[in-house]
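Here the structure comes first, spelled out in structure tokens, and everything after it is commentary.
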Amino acid sequence: MKSSRVPLFVMLLFSLFSIAACDGASEKPSEDPHVVPNEGRFDEDREFISPPNLGFPIYACSSNVTITDFLQNAKLDVFINGSPAPNPSVTGIDPDLGVNFETGHTFVAGETVFVTQTRDGATSGPSNTVTVTDHTEDYPAGLPQPRLWKESLHQCGKAILVEDVVPGSTVVVAAENPASGGGFEAPHDVGSFNASTEWGHNWTGVNPNFELDARVTATARLCTETGGPSDPLFTRTGPSPIPAGSVDEPVIEGQELLGLYGETAPDKFAEHGAMLRVYEPGVTTPVTQTPTPGGVGHTVHIAPASAGQQFEVTQELCTEGSPGTTTTVLPCEDLPPPIIEPPLPGDTQIHVVDSIPGADILVFRGGVEIGHSSGTLINLSVTLAAGDVITVVQKLKDCISDWVYVITVDCELGDNPEACSSDWPAFRHNALRNGQQPNASDLSDPYKVKTLEVKWEVGAPDGGRFRASPIVYDGMLYIGSSNGHLYAFDANTGGLEWQYPPSSEPALLSEWGLTVPQHNPSAEGIAASATIGRVNREQDVVIISAPDRGRPDDPGGQFADGLGSGRVFAVRAGPASAGGGALVWKSGEIARMTGLNPGATDEFHEQTGYSSPLLVNDRVYVGIADHWDNPIQQGKLFAVDLNTGAIDTTFKFEATNTRGGGIWTYASGGLQNAIVTTTGNVRSGNSSEPSVNHALAMVRINQTTGAEEGKVQPVPYDEDGDPDWAAGAALMSASCGDFAVSTMKDGWTYAGALSSTAMTFYWQYPNTAYPFSVGDPLDHGDIRYHRSGAGWKNLYITMTGGEVVVDVASTPQANFDGYRRLHAINVCTRRAAWIADLRPYTNPINDHHSWGLGPPTVTRGIVFVGTNLSKLVALADPSVWPALGSSCTWSSLSNADCATAGFTVVPNPMVLNVLDLNGNLVRTEPVIANNHLYVATENGRLYKIGPR
Amino acid sequence: MACFRSFRSLSATGIALMLSAAPAVPQSAANEPVKESLRGGAGKPLLEIPSVRQENSDRDDKYEEYVDGLYVLPLFRTVSDDRAYQVDVWNLLIGPGQETAAFELPGTAILLVRAGTGTFAVDDDKREELEMGETLVAQPRSSLRITNRAEDRPLSVRVTMFSGTE
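Residue numbers (the numbering used here), protein chains in the order written: chain C, 1 to 948; chain P, 1001 to 1166.
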């Protein structure tokens, strides 16, 4: 249905403008099945345009705002507390980068700001509203030290980029020229700017141009506070000859924005501080010119390009270089379709990932226009629902693309139907085990995350510990305790609904955990998180794996001597009033416990431990490890029928043909028909390498037969110092392919590429050696990087060793620091995108067997993680909130040395909130469900947390 | 076509002036104070592994530039009972795609490649390609130059040095 904003008669009166394609057919520009011919089955509503986006935060004492995602040449009106700003409007030119606009007003905390856009007689509704806050809330330690863009600050440079600046702060760049008698002359200011929320605005042209060997610094000021100065950079001689420049192609007739690069677009960036000049061939007067701080593409504004017009680009430092490749402007028929990210139900924006700079993006649902703007995030007039078919069109002046992008709104990721639940029905949310809540909620709103508070707190009724995490489904919360009970709580009130087993039956415990001092914590009660399933397509059940010394109603189910063999249970879900808590089925014995003598090789000491059941295609998969490596047991994965609990005897996966390869974690599934799990050590239980050895590996397993279908196995048998691979894998559908990603216990992170039938090694982070060689000097011992990571977009967020992990063997310091950091690794670039240093929120760590962080979870770029200091930390990807600062990917290098040494400085995400809770938080995940967080602690407390 | 992180145009030009160069000041880790382990005594190994670095992970030790392209983190030093000689252990770091300037190490040195692959030039006439786990012995006053040609892997080297205390 059309939005009620525009009455029907108005639509008719003001002409329905048919979005017909340009004359002439063009070849399909992409193999993407979403790209289809434009058949003109939609009409542009000329009364409707989308609101732009207003950058945040806006801090008191600042006076500028950043506006993005507007229509090119639209008038942007700024309103403060509902009234026009002193400088009321500005014309928007570059919708991707946005405009950094001086409002003429000094903001005061508590004021509200929004913007609108107007073009061709249509005015949008208001943008997001930003409330002005005090910067000291986010920067209590003071303004961060600005950082100069390290790359090649040149003699004759005409511009400089400054990073790590607080939005709204005034940044001043000063140069000290070398004195003739040695030392430096007095500093003089060469440029300044008011910092933006958009990184690409945070540079200044410099006047006069930089001299050779000048010392350059930057300082930032906001309110009465002055930060910095930055570490200095010294200007050096630029490249000779200076490389040519280039234009990002294609350029389509009517285009007014050109993306400029260095020698080859988009691979080579412009030189730092160069003057970029755009010429038409044979014409000496440039079409346009701009100084650039280099580093990325630089957008310039030109008069609308004509088909056949040609451009070439030069760079100039002290002298101007030769022009590069000539770019010819293409006719309308070559205008490609835009490309967008797959939208999810509940979305109110479309994320454009590829478009012509400055082109209009129009979004239709059922032929009705629901979005029209330009840039990256197009606001919609409706909330998308599953099954909506949306069509996205690109338009440049009167030119409409011959091809459009059509996609169905769908919550499925791969073939996993639960991947988009707003509940949290399994450990890591869903079968992919990506720890991601994809739905928008209060917890994806950074301002609301800043107000989080505890709503209720309860304890484990049996006094046990929580090593399992909660799951949340249909208004109920389910969690198992170390004292052997599965509890169901009302997720809204925290009231206890039921427990399984009931008090009349023995708890789910193993004799080993009760009586043998040497035991892994997972040997105590229910250590694995539960999973929701639906039996016979009608009955929701809570599925757990647990030890069982025998049920009184089922003597045949008492295995061996009743020592606590492991099995799988399905218990009816829902409140007690609806029959919740009743046993639906229990499987046969899958983890054998036949004795309690440590070291005995004639006994079985198997357990399901931390292996949270995986539900895929009506099968429940559970892994087997041991109670303690004394001796290690044979790793196995079992499959159980969801409807009956019967063990599937046709499915068989054994990690070795002897001992070892214990599965200490869950299996993952739901993407590319894959079941993926990770396996533990092998050498301690064998005199020689088993002939079948899938131990110390991330293994893909056929979901029907259990056959191995590819593995990542970096540590050879002879190097096995007990680096169990104990974090499970997150399956990720990234822009460059499908992957299984996990961190091994020695601190390296790996990605395996998934096809429909196999998994192959894809990358290792840090890139060191794959596989490691026998006798290498690195530490592949019992280190404790065994927390699950979270997947969001192309990022895998994990507690990992980082680049300094190669130093661990005799520099434990490197290891201890890694336990207190989160890395976000881009699975496509294989590099760290950001690093969160969480040392302020963690206890110092003094041995390899401790670690500082729990498994992180993520929702739309906001990451939650628990710490060993009982803190729940919320932090924001830098695309959501400007970063707090930056640090070197080699964490033992200062920022000043980082780039020179050949490494990369990456952002440190802003910490939005830190909550103090009572109890260790390193084992459990913060569950994100229906606008709230649910957190269980090691000491048996359970919290519901939500915004104020 | 691409949506890329970009800069907005800014109209600013300037006049370049030429002034003489000021030398950069290299930071020498060799002269930095390092922690001494307990001296060897009766019943104790001479070179006792110091525990101080394992006791407080809030320490924020950083590699520092030794010469161009080479960064050093001193790990520990121990001195003989008669104080006639000492042993130093350092981590050397050569980043991806980096080549060091020529440098000397204070004493006889055993270099162990801990990660990566490097070309080690000794006195400009001997070159060895060393991989992870391989070692090289450098005599006192040898001129060393190390190249890490890998664009995506750092070169990490552990160096153990024996030298007189004078």
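Beta carbons: idealized from backbone N, C-alpha and C, even for Gly. Computed from a predicted model, the values in this text were never measured in an experiment.
| query | result |
| --- | --- |
| Using a C-beta to C-beta distance shorter than 9 Å, which residues of chain C count as neighbours of E1065 of chain P? | D897, T900 and A901 |
| At a CB distance below 8 Å, what residues from the stretch 190-211 of chain C approach chain P? Give them in sequence order. | V190, G191, W199, G200, H201, W203, T204, G205, V206, N207, P208, N209, F210 and E211 |
| Q1098 of chain P versus chain C: which residues are under 9 Å apart at the beta carbon? | T900, A901 and G902 |
| May I have the straight-line CA-CA distance separating A589 of chain C from F559 of chain C, to the nearest angstrom? | The residue you asked about is not Ala; residue 589 of chain C is Glu in the sequence shown. Their Cα atoms are separated by approximately 7 Å. |
| State the CB to CB distance for the pair P1106 of chain P and G902 of chain C, rounded to an integer number of angstroms; the pair is presumed to be in contact (CB under 8 Å). | Their Cβ separation, rounded to whole angstroms, is 25 Å, which puts P1106 of chain P and G902 of chain C out of contact at 8 Å. |
| When DSSP labels each residue in this structure, what does E137 of chain C get in the three-state scheme? | helix |
| Got a sec? Which residues, its chain only, sit under 6 Å from R1053 of chain P by beta carbon, not counting five neighbours each side? | With a pLDDT of 34 at R1053 of chain P, under the threshold of 50, the modelled position of that residue is not reliable, and no figure is offered here. |
| If you measure between the beta carbons of Y819 of chain C and L853 of chain C, is that distance less than 9 Å? | yes |
| Over what stretch of residues does the alpha helix (DSSP H) that includes K448 of chain C continue unbroken? | P446 to V449 |
| Under a Cβ-count criterion, where at least 16 other Cβ atoms within 10 Å of its own Cβ denotes burial, should V389 of chain C be classed as buried or exposed? | exposed |
| Which residues in the same chain as P1033 of chain P place their Cβ atom closer than 6 Å to its Cβ, once the five residues preceding and following it in sequence are excluded? | Reliability fails at P1033 of chain P, whose pLDDT of 29 lies under 50, so the model's placement of it is uncertain and the value that follows must be treated cautiously. Cβ neighbours of P1033 of chain P beyond the five flanking positions: none. |
| Under DSSP, the beta strand (DSSP E) around V789 of chain C begins and ends at which residues? | Here residue 789 of chain C turns out to be Gly, not Val, going by the sequence shown. Neither: G789 of chain C is in no beta strand (DSSP E) and is coded neither H nor E. |
| Anything in chain P within Cβ reach of V329 of chain C, meaning under 7 Å, just list it in chain order. | Correct list: empty, because the minimum Cβ distance to chain P is about 13 Å. |
| Which two residues bound the contiguous beta strand (DSSP E) that contains A740 of chain C? | G737 to T743 |
| Three-state secondary structure (DSSP) at E253 of chain C? | coil |
| In chain C, which residues lie with their C-beta within 8 Å of the C-beta of K1126 of chain P? | Going along chain C, no residue has its Cβ under 8 Å from K1126 of chain P, so there is no contact; the nearest lies around 23 Å. |
| Would you say A20 of chain C reaches chain P, if we count a Cβ-Cβ gap shorter than 9 Å as a contact? | Low confidence applies to A20 of chain C: its pLDDT is 48, below 50, so where it sits in the model is not reliable enough to give any reading. |
| Run down chain C in chain order and give the residues with a C-beta less than 7 Å from the C-beta of M1161 of chain P. | In chain order: nothing, as chain C lies at least about 15 Å away. |
| If you drop the 5 nearest sequence neighbours on each side, which residues of the same chain put their C-beta closer than 6 Å to that of P575 of chain C? | E497 |
| Once DSSP output is grouped into helix, strand and coil, what is the label at G1041 of chain P? | Only weak support exists for where G1041 of chain P lies, its pLDDT of 31 falling under 50; the value from the coordinates is given anyway. G1041 of chain P falls in the coil class under three-state DSSP. |
| Determine the chain D residues that contact L1112 of chain P at a beta-carbon separation under 7 Å, and present them in chain order. | Included in the structure are the protein chains C and P, with no chain D among them. |
| Just checking, does the stretch 65-84 of chain C make contact with the stretch 371-391 of chain C on the three C-beta pairs under 8 Å criterion? | yes |
| Starting from C898 of chain C, follow the alpha helix (DSSP H) in both directions and report where the run begins and ends. | N895 to C898 |
| For E606 of chain C, collect the residues of the same chain with a Cβ closer than 6 Å to its Cβ; drop the 5 residues on either side in sequence, then sort them by chain order. | A591, R592, I624 and Q633 |
| Please report the straight-line C-alpha distance between S1057 of chain P and E719 of chain C, rounded to a whole angstrom. | Any reading at S1057 of chain P needs caution, since the residue's pLDDT is 39, under 50, leaving its predicted position unreliable; the model's value is listed next. Taking the straight line joining both Cα atoms gives about 27 Å. |
| Can you find a CB in chain C that lies within less than 9 Å of the CB of P1116 of chain P? | Correcting the residue type first, residue 1116 of chain P is Gly in the shown sequence and not Pro. So yes, G1116 of chain P belongs to the interface. |
| Listed in chain order, which residues of the stretch 748-774 of chain C have Cβ atoms closer than 8 Å to some Cβ of chain P? | P766, N767, T768, A769 and S773 |
| Can you find a C-beta in chain C that's less than 9 Å from the C-beta of V1137 of chain P? | no |
| Note down the Cα distance separating S481 of chain C from I80 of chain C, rounded to an integer number of angstroms. | 52 Å |
| Taking the alpha-carbon of R465 of chain C as reference, which of C:W834, C:G885, C:D877 and C:N939 has the nearest alpha-carbon? | C:N939 |
| Counting only Cβ pairs nearer than 7 Å, list the residues of chain C close to F1071 of chain P. | A quick correction: the sequence has Tyr, not Phe, at residue 1071 of chain P. By Cβ distance, chain C contributes L893, D897 and A901. |
| Along the alpha helix (DSSP H) that carries E949 of chain C, what are the first and last residues, could you check? | No answer is possible for residue 949 of chain C: it lies beyond the span of chain C, which begins at 1 and ends at 948. |
| Along chain P, in chain order, which residues have C-beta atoms closer than 8 Å to that of W890 of chain C? | Y1063, L1093, G1095 and P1154 |
| Shorter than 9 Å from the beta carbon of G1107 of chain P to some beta carbon of chain C? | no |
| Rounded to whole angstroms, what is the Cα-Cα separation between C898 of chain C and G1116 of chain P? | 18 Å |
| Hey, V329 of chain C and A305 of chain C are a contact pair by Cβ (cut 8 Å); roughly how many whole angstroms apart? | 4 Å |
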